[in-house]
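Report on the following structure.
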Amino acid sequence: MRGVIMKLLILHTDYIEFIAKQKTKIAEDVPEEKRHGRAEEALAVFIAVEKEDEKAKDKIAEKATEEILDIYSKVKAQRIVLYPYAHLSSSLSKPDFAIAVIRLIGNKLKERDYEVIKAPFGWYKAFELRCKGHPMSELSREIRVEEEKKENRALKAEQGLKKSWYVLTPEGDNIPAEEFDFTEYESLKIFYEYETSGTRIMNKEPPHIRLMKDLELVDHEPASDQGNLRWYPKGTFIKRLLEEHVSNIVRDYGAMEVETPIMYDYAHEKLSSYLNRFPARQYVVKSDDREYFLRFAACFGQYLMMHDMTISYRHLPLRLYELTHYSFRREQSGELAGLKRLRTFTMPDMHTLCRDMVQARDEFLRQYRLSMRWMEDISIDYDVAIRFVREFYDENRDFAVEMAKLVGKPILVEIWEERFFYFVMKFEFSINDALNKAATLSTVQIDVENTERFDINYVDEKGEGEHPLLLHASISGGIDRNLYAILETEYLKSLRGEKPSFPIWLSPTQLRIIPVSEKNMSYAEDILEFFREKKVRVDIDDEGDTLGKKIRKGEKEWIPYIAVVGAKEEENRNITVRLRKSGEQITLSGEELAELIEGENENKPFMNIPLPERLSMRPKFRG
RNA sequence: GCCCUGAUAGCUCAACUGGCAGAGCGUCCGCCUCGUAAGCGGAAGGUUGGGGGUUCGAGGCCCCUUCAGGGCUCCA
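If you count the first sequence from 1, you need to add 44 to reach the working numbering.
Put into structure tokens, the structure is as follows:
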């Protein structure tokens with residue numbers, strides 16, 4: 045059990061006066077004038093900081109501050125003297141840590157406009173005081189911090205974070221979001237409102253959940269932990285293509301693909317300090333007597349790899365990439381939602397080392413463009429949010445404007461007064477779902493902290509080691525979440541009377557062949573063969589249903605091209621195709637149709653049809 | 001994690017206040033061989049999520065539990 049971290053002896057005094065006489069070897073440097081102090085009507089706070097985990101610094105300082113103020117107000121003291129007093133404890137912390145904690149308490153008190161005097165640390169001091177002697181004038185306190193579970197510290201910091209919102213136009217106008225006229229920017233408005241209020245009564249389940257089941261893509265798996273899903277062949281197929289496509293984009297951009305372990309030792313020194321920056325709850329795996337946590341991204345694996353690499357400034361920018369199949373985040377059970385938020389998910393994760401901010405900005409922008417391309421390839425509309433630390437924003441205003449220009453519409457800007465996280469800025473591409481909730485897909489962040497923490501170095505021209513800047517990039521965001529975005533978007537389309545569809549390159553079946561009767565089977569099979577060789581995903585409805593029934597089946601599966609072949613086609617050696625998008629029927633040759641489909645597949649990965657070509661050979665995965 | 005709601009055939013859902021567990025779709029068998037979103041007939045299919053309790057009797061009431069959806073919270 046982690047227990048006592050700090051002991052306080054608190055005296056309400058008529059006065060206290062001290063003079064620092066002589067340095068010890070751990071003395072803090074203080075200017076001459078601060079070596080002496082006197083305060084009337086003071087609360088004298090004698091402090092011993094004990095040997096304990098430094099991670100608790102903020103927390104312990106906060107609690108101590110609260111204790112002091114509690115007593116201060118009860119006894120109606122007028123000022124506070126913080127007096128380092130080692131003799132309260134036999135188990136002292138390191139001097140540096142103690143100094144830091146006491147300063148922190150001092151600062152916290154000053155921030156709240158209390159008059160504070162600090163006696164110098166590590167000096168032999170003479171002091172004199174007169175204790176008031178009323179019942180509350182002599183108190184001791186032990187400040188304890190419960191062992192916090194391995195979670196959730198950065199979060200608490202965020203709660204006190206001051207943030208402000210703006211809308212930045214492509215013309216470069218930066219307007220406080222409250223004053224912005226959202227009339228023509230409905231989706232940005234929804235996004236902004238979701239970000240700032242979040243709460244709304246929407247007692248419906250997101251429509252993608254029904255769709256992912258009905259289309260036999262993905263399903264719940266009650267035998268697993270919550271938020272771990274079962275992927276049927278068609279879902280797996282779409283997922284693989286998305287993965288392959290985003291990986292291709294990232295590799296073509298120049299990232300080196302790697303693979304790193306999915307679990308890490310809790311006790312690893314660097315990782316544990318990193319974990320404190322992350323509010324997530326982890327899955328824990330036991331192996332012998334050790335505990336490992338499952339990664340929530342590829343960060344660790346790549347940091348540790350980069351730490352061991354020998355990197356010259358000539359190698360920068362340097363990019364490592366991994367498709368994290370899987371990442372694990374033990375989200376609170378109430379937060380899980382279909383494909384939107386999972387406990388086990390797949391996400392591309394790239395880290396780019398950059399020499400300086402100029403290079404980092406350049407890479408950031410290139411990755412921004414890659415993300416734009418991604419969104420276009422999956423046919424999803426999005427809004428952009430950029431989040432900055434104030435100081436960084438003031439220096440990089442032009443940069444933000446450029447991002448608004450690139451997407452050609454106003455974007456949301458959030459500004460933090462202080463840097464609570466490890467990054468100074470990030471962008472996010474966000475989509476609105478059918479319930480007007482927002483979800484982040486693509487995101488890139490500029491990290492100014494972790495190369496130091498993980499001791500990642502490159503050697504500059506002078507032969508000296510330097511910590512580079514680090515970009516975290518997920519060009520597509522979570523793959524699962526991309527499918528959620530597609531399904532929600534298509535659902536919204538169906539509400540507008542349009543037919544929902546997958547982009548052609550993601551359609552499990554691109555072309556369905558329906559013979560009018562068994563007499564036409566042989567011709568239908570010729571066509572099947574033809575398209576298979578043309579790399580079109582084609583299948584054939586060889587079951588005993590009526591034509592109408594088969595059409596209905598095909599439409600329910602969102603098949604983009606449905607070819608009906610009967611005596612007419614057989615005679616003319618052509619095909620009559622029903623086009624899902626327009627609903628029209630056209631007759632054309634096999635070559636023409638193949639060209640049409642190939643055109644829509646361009647520059648996208650291809651995989652063969654994930655199910656038997658004959659429908660009569662297909663099992664039902666669900667209902 | 002907390003609060004609310006829910007779980008009945010493979011799927012979607014019925015079953016009045018506690019009184020014989022049902023339909024449509026799908027599956028299987030047979031008929032039909034069909035021109036652009038459901039052809040016809042028949043059969044099989046259930047420890048009502050799991051466990052415990054109350055009751056002459058529980059799908060429906062009580063307790064526990066698992067999973068799902070929503071709200072809070074959270075979203076690196």
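Just so you know, even glycine gets a beta-carbon here, dropped at the ideal spot from N, CA and C.
Three or more beta-carbon pairs under 8 Å between the stretch 533-547 and the stretch 265-280, yes or no? Short answer: they don't touch.
Check whether the Cβ atoms of Asp427 and Tyr466 lie closer than 8 Å to each other. Position 383 of the first sequence, counted from the first residue, corresponds to residue 427. Position 422 of the first sequence, counted from the first residue, corresponds to residue 466. Their beta carbons are not under 8 Å apart, which means Asp427 does not touch Tyr466 by this criterion.
Does the Cβ-Cβ distance between Tyr129 and Ile91 come in under 8 Å? Here the question's residue 129 lines up with position 85 in the first sequence. Here the question's residue 91 lines up with position 47 in the first sequence. Against a cut-off of 8 Å, the Cβ pair of Ile91 and Tyr129 comes out as a contact.
For Ala429, count the other beta carbons within 10 Å of its own beta carbon; 16 or more makes it buried, fewer makes it exposed. Which is it? As a first step, residue 429 is located in the first sequence; it is residue number 385 there, counting from the start. With 16 or more other Cβ atoms within 10 Å, it is buried.
Are three or more beta carbon pairs between the stretch 282-293 and the stretch 349-360 nearer than 8 Å? No contact exists between the stretch 282-293 and the stretch 349-360.
If we count the other Cβ atoms within 10 Å of its Cβ and call it buried at 16 or more, is Cys175 buried or exposed? Position 131 of the first sequence, counted from the first residue, corresponds to residue 175. Classification for Cys175: exposed.
To the nearest angstrom, report how far apart Leu380 and Asp258 are at their CA atoms. On the first sequence, position 336 is the one that residue 380 refers to. On the first sequence, position 214 is the one that residue 258 refers to. Whole-angstrom Cα-Cα distance: 20 Å.
Collapsed DSSP secondary structure at Asn480 in the structure displayed: Here residue 480 refers to the residue found at position 436 of the first sequence. DSSP places Asn480 in coil when its eight states are reduced to three.
Please go through the same chain and pick out, in chain order, the residues whose beta-carbon is closer than 7 Å to the beta-carbon of Leu550, but skip the five residues on each side of it. Position 506 of the first sequence, counted from the first residue, corresponds to residue 550. Take Leu550, set aside five residues on each side of it, and the residues of its chain with a beta-carbon closer than 7 Å to its own are Ile282, Leu285, in chain order.
Where Gln66 falls: helix, strand or coil (DSSP): Position 22 of the first sequence holds residue 66. Looking at Gln66 - three-state DSSP - the assignment turns out to be strand.
Contained alpha helix (DSSP H) runs [length at least 4] in the stretch 77-165, N- to C-terminal order: Whole alpha helix (DSSP H) segments, 4+ residues: 101-119, 139-155.
Between Tyr365 and Met391, how many whole angstroms is the CB-CB distance? I'm expecting something under 8 Å. For this step, residue 365 is matched to residue 321 along the first sequence. For this step, residue 391 is matched to residue 347 along the first sequence. The pair is not a contact, with the Cβ atoms about 11 Å apart (cut-off 8 Å).
Of all the options Thr109, His80, Arg82, Asp73, which has the alpha carbon lying nearest to the alpha carbon of Met50? Working through the first sequence from its first residue, we reach residue 50 at position 6. Among Thr109, His80, Arg82, Asp73, the Cα nearest to that of Met50 belongs to Thr109.
Mark Asp586 as exposed unless 16 or more other C-beta atoms lie within 10 angstroms of its C-beta, in which case mark it buried. Within the first sequence, residue 586 is the residue found at index 542, counting from 1. Buried, because 16 or more other Cβ atoms sit within 10 Å of the Cβ of Asp586.
Among Arg617, Arg581, Ile557, Ile54, which one has its Cα closest to the Cα of Ile595? The count along the first sequence starts at 1 and reaches residue 595 at position 551. Put simply, of Arg617, Arg581, Ile557, Ile54 the residue whose alpha carbon is nearest the alpha carbon of Ile595 is Ile557.
Within the same chain, show all residues whose beta-carbon is closer than 7 Å to that of Lys248, passing over the 5 residues directly before and after it, in chain order. Locating residue 248 in the first sequence gives position 204, counting from the first residue. Correct list, in chain order: Leu479.
Assign Arg540 to one of two classes, buried (16 or more other C-beta atoms within 10 Å of its C-beta) or exposed (fewer than that). Here residue 540 refers to the residue found at position 496 when the first sequence is read from its first residue. Classification of Arg540: exposed, given that the 10 Å Cβ count is below 16.
In this structure, what does DSSP give as the bridge partners for Ile557? What you label residue 557 is simply residue 513 of the first sequence in a count that begins at 1. DSSP lists Ile584, Ala607 as partners of Ile557.
In its own chain, which residues sit with a C-beta less than 6 Å from the C-beta of Glu493, not counting the 5 before and 5 after it? Position 449 of the first sequence holds residue 493. Excluding its 5 nearest sequence neighbours in each direction, Glu493 has C-beta neighbours in its own chain below 6 Å: Tyr466, listed in chain order.
Taking the Cβ atom as the reference point for each residue, do Leu367 and Asp524 lie within a distance shorter than 8 Å? By 1-based counting over the first sequence, the position of residue 367 is 323. By 1-based counting over the first sequence, the position of residue 524 is 480. The answer is no: Cβ separation not under 8 Å.
With DSSP as the reference, label Leu513 as helix, strand or coil. One-based indexing of the first sequence puts residue 513 at position 469. Looking at Leu513 - three-state DSSP - the assignment turns out to be strand.
Trp32 - DSSP class collapsed to helix/strand/coil: Residue 32 falls outside the range modelled here, since the chain spans only 45 to 667, and no answer is possible.
With DSSP run on the structure shown, which of helix, strand or coil describes Leu232? For this step, residue 232 is matched to residue 188 along the first sequence. In this structure, Leu232 counts as helix in the three-state DSSP scheme.
Out of Ile115, Gln554, Trp602, Glu599, which has the shortest C-alpha to C-alpha gap to Glu644? As a working note, residue 644 is residue 600 in the first sequence. Nearest of Ile115, Gln554, Trp602, Glu599 to Glu644, Cα basis: Gln554.
Residue burial classification, Asp477 (beta-carbon count within 10 angstroms, cutoff 16): Translated into the one-based positions of the first sequence, residue 477 becomes position 433. Buried is the call here.
Should Ile603 and Arg576 be called a contact, given that it needs their Cβ atoms to be closer than 8 Å? Working through the first sequence from its first residue, we reach residue 603 at position 559. Working through the first sequence from its first residue, we reach residue 576 at position 532. No, they are not a contact pair.
How should Asp114 be labelled, buried or exposed, when 16 other C-beta atoms within 10 angstroms of its C-beta is the threshold for buried? Along the first sequence, read from residue 1 onward, the residue named residue 114 stands at position 70. Residue burial is scored here from C-beta neighbours: Asp114 has fewer than 16 other C-beta atoms within 10 angstroms and is therefore classed as exposed.
Taking the beta strand (DSSP E) that Ser208 falls in, what are its first and last residues? Position 164 of the first sequence, counted from the start, is the residue given in the question as residue 208. Start and end: 207-212.
First through last residue of the beta strand (DSSP E) which encompasses Glu646: Translated into the one-based positions of the first sequence, residue 646 becomes position 602. Element bounds for Glu646: n/a, residue is neither H nor E.
Evaluate contact between the stretch 218-233 and the stretch 494-505, counting only Cβ atoms and requiring at least three cross-stretch pairs below 8 Å. No, because fewer than three Cβ pairs between the stretch 218-233 and the stretch 494-505 fall closer than 8 Å, the two stretches do not touch.
Gln411 by DSSP, collapsed to three states: which one? On the first sequence, residue 411 is found 367 positions in, with the first residue counted as 1. Residue state for Gln411 is assigned as helix, using DSSP reduced to three classes.
Residue nearest to Arg123 in terms of C-alpha spacing, selected from Glu111, Glu72, Glu84: Locating residue 123 in the first sequence gives position 79, where the first residue counts as 1. When the alpha-carbon of Arg123 is set against those of Glu111, Glu72, Glu84, the nearest one is in Glu84.
Please classify Gln629: does DSSP put it in a helix, a strand, or coil? Sequence index remark: in the first sequence, residue 629 carries index 585 (1-based). Gln629 carries a strand assignment under DSSP once its states are collapsed to helix, strand and coil.
Determine, using beta carbons only, whether Asn218 and Val608 come nearer to each other than 8 Å. The residue given as residue 218 occupies position 174 in the first sequence. The residue given as residue 608 occupies position 564 in the first sequence. Taking 8 Å as the Cβ cut-off, Asn218 and Val608 do not qualify as a contacting pair.
Should the stretch 526-540 be called in touch with the stretch 612-630, which here means at least 3 C-beta pairs below 8 Å? Result no; under three Cβ-Cβ pairs closer than 8 Å.
Of the choices Glu573, Arg399, Phe464, Glu223, whose alpha-carbon is the least far from that of Gly509? In the first sequence, the residue the question calls residue 509 occupies position 465. It is Arg399.
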